[in-house]
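2 protein chains.
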Amino acid sequence: MKGYLTYLILWNLSQTRMNGAQITREFEKRRGTKPSPGTIYPALKELKTKGLITVDNKKTYSLTIDGENELKSACKLFCKIFYDAKEMSEFCK
Amino acid sequence: MKGYLTYLILWNLSQTRMNGAQITREFEKRRGTKPSPGTIYPALKELKTKGLITVDNKKTYSLTIDGENELKSACKLFCKIFYDAKEMSEFCK
DNA sequence: TGATGAATATTGGGTAACCGATAAATATAA
DNA sequence: TTATATTTATCGGTTACCCAATATTCATCA
Numbered sequence: 001m002k003g004y005l006t007y008l009i010l011w012n013l014s015q016t017r018m019n020g021a022q023i024t025r026e027f028e029k030r031r032g033t034k035p036s037p038g039t040i041y042p043a044l045k046e047l048k049t050k051g052l053i054t055v056d057n058k059k060t061y062s063l064t065i066d067g068e069n070e071l072k073s074a075c076k077l078f079c080k081i082f083y084d085a086k087e088m089s090e091f092c093k
Numbered sequence: 001m002k003g004y005l006t007y008l009i010l011w012n013l014s015q016t017r018m019n020g021a022q023i024t025r026e027f028e029k030r031r032g033t034k035p036s037p038g039t040i041y042p043a044l045k046e047l048k049t050k051g052l053i054t055v056d057n058k059k060t061y062s063l064t065i066d067g068e069n070e071l072k073s074a075c076k077l078f079c080k081i082f083y084d085a086k087e088m089s090e091f092c093k
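Chains C and B are the protein sequences, given in the same order. Taking this note's numbering, the leading residue of the first sequence gets 1, the next gets one more, and so forth. Taking this note's numbering, the leading residue of the second sequence gets 1, the next gets one more, and so forth.
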């Protein structure tokens, strides 16, 4: 299960502003394992380059307007692909 | 968003037995675009090699016991990673 | 102030995941 | 049967995705 990292960074930042370490902990909760710094910071850098997130002087990241729009599209696609996620959660009980 | 294909093949086969063309159509519905045959058949082959699915003489694929167990674990992980999928679906409305 | 740990960042890959092109097998029907 | 479409399969290649290792900056407090 790869490929969801960037998407989840945007999603997390849409809920609350965070720094890199907080994002890392968030992923640890979700996946069980900590993502490597070599995973998280290049990802943040790329998102910044694309203008989807911004950083303040305290290294706190937050979504831009473009980032929110991007997340919205990604979110729509996610929900379309996994439209039956509810049944999945029943299945694995 | 990559990495969910194998997982969704297992999930689809847990719902109903299917051949390669049907699986392809299922993905077209979910993603909007058809996966290439170069995507779907090697994936099926690998799952068969791993003993997670079987094929009958009509090329109809179905889950094995191992496949069902594997799916269950993958499903649990999926639900853990995307535990707030419901809020996501609200977000992108 | 200096030291120690935490957070941030970069670099250089490795490989899983997927695709396009092509070919072969199978089904459908004319 | 012949022809046409559909399905199945393989192969080579590309890239997205992520990691480990290392370096640097920052924060905290003795």
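For glycine and all other residues, C-beta sits at the position ideal for the given N, C-alpha and C. Quick caveat: nothing in here was measured; it's all calculated off a predicted structure.
Spell out the partners DSSP gives residue i in its beta bridges.
{"i": "I65 (chain C)", "result": "Its beta-bridge partners do not exist; DSSP assigns none."}
{"i": "T54 (chain C)", "result": "C:S62"}
Who are the neighbours of residue i on chain C, taking C-beta pairs under 8 Å?
{"i": "I81 (chain B)", "result": "M1, Y4, L8, R30 and R31"}
{"i": "K48 (chain B)", "result": "Simply none; closest approach about 20 Å."}
{"i": "K72 (chain B)", "result": "F91 and C92"}
Could you tell me the boundaries of the alpha helix (DSSP H) in which residue i lies?
{"i": "K2 (chain B)", "result": "Careful: K2 (chain B) lies outside any alpha helix (DSSP H) and carries neither H nor E."}
Along chain C, in chain order, which residues have C-beta atoms closer than 7 Å to that of residue i?
{"i": "K76 (chain B)", "result": "C92"}
Along chain C, which residues have their Cβ under 9 Å away from the Cβ of residue i?
{"i": "K34 (chain B)", "result": "Here the premise fails: no neighbours, minimum Cβ distance about 14 Å."}
{"i": "A43 (chain B)", "result": "Within 9 Å Cβ-Cβ: nothing; A43 (chain B) doesn't reach chain C, min ~14 Å."}
What is the DSSP secondary structure of residue i, counted as helix, strand or coil?
{"i": "S36 (chain B)", "result": "coil"}
{"i": "C75 (chain B)", "result": "helix"}
{"i": "K80 (chain B)", "result": "helix"}
{"i": "K93 (chain C)", "result": "coil"}
What residues of chain B sit near residue i, judged by a beta carbon separation below 7 Å?
{"i": "M88 (chain C)", "result": "W11, C75, F78 and C79"}
Find the residues of chain B that neighbour residue i, judging by a C-beta separation of less than 9 Å, and give them in chain order.
{"i": "A21 (chain C)", "result": "By Cβ distance, chain B contributes nothing, its closest Cβ being about 19 Å from A21 (chain C), past 9 Å."}
Go through the stretch 4-32 of chain B residue by residue and report every complete run of the alpha helix (DSSP H) that reaches 4 residues or more, in order. 5-15 and 20-31
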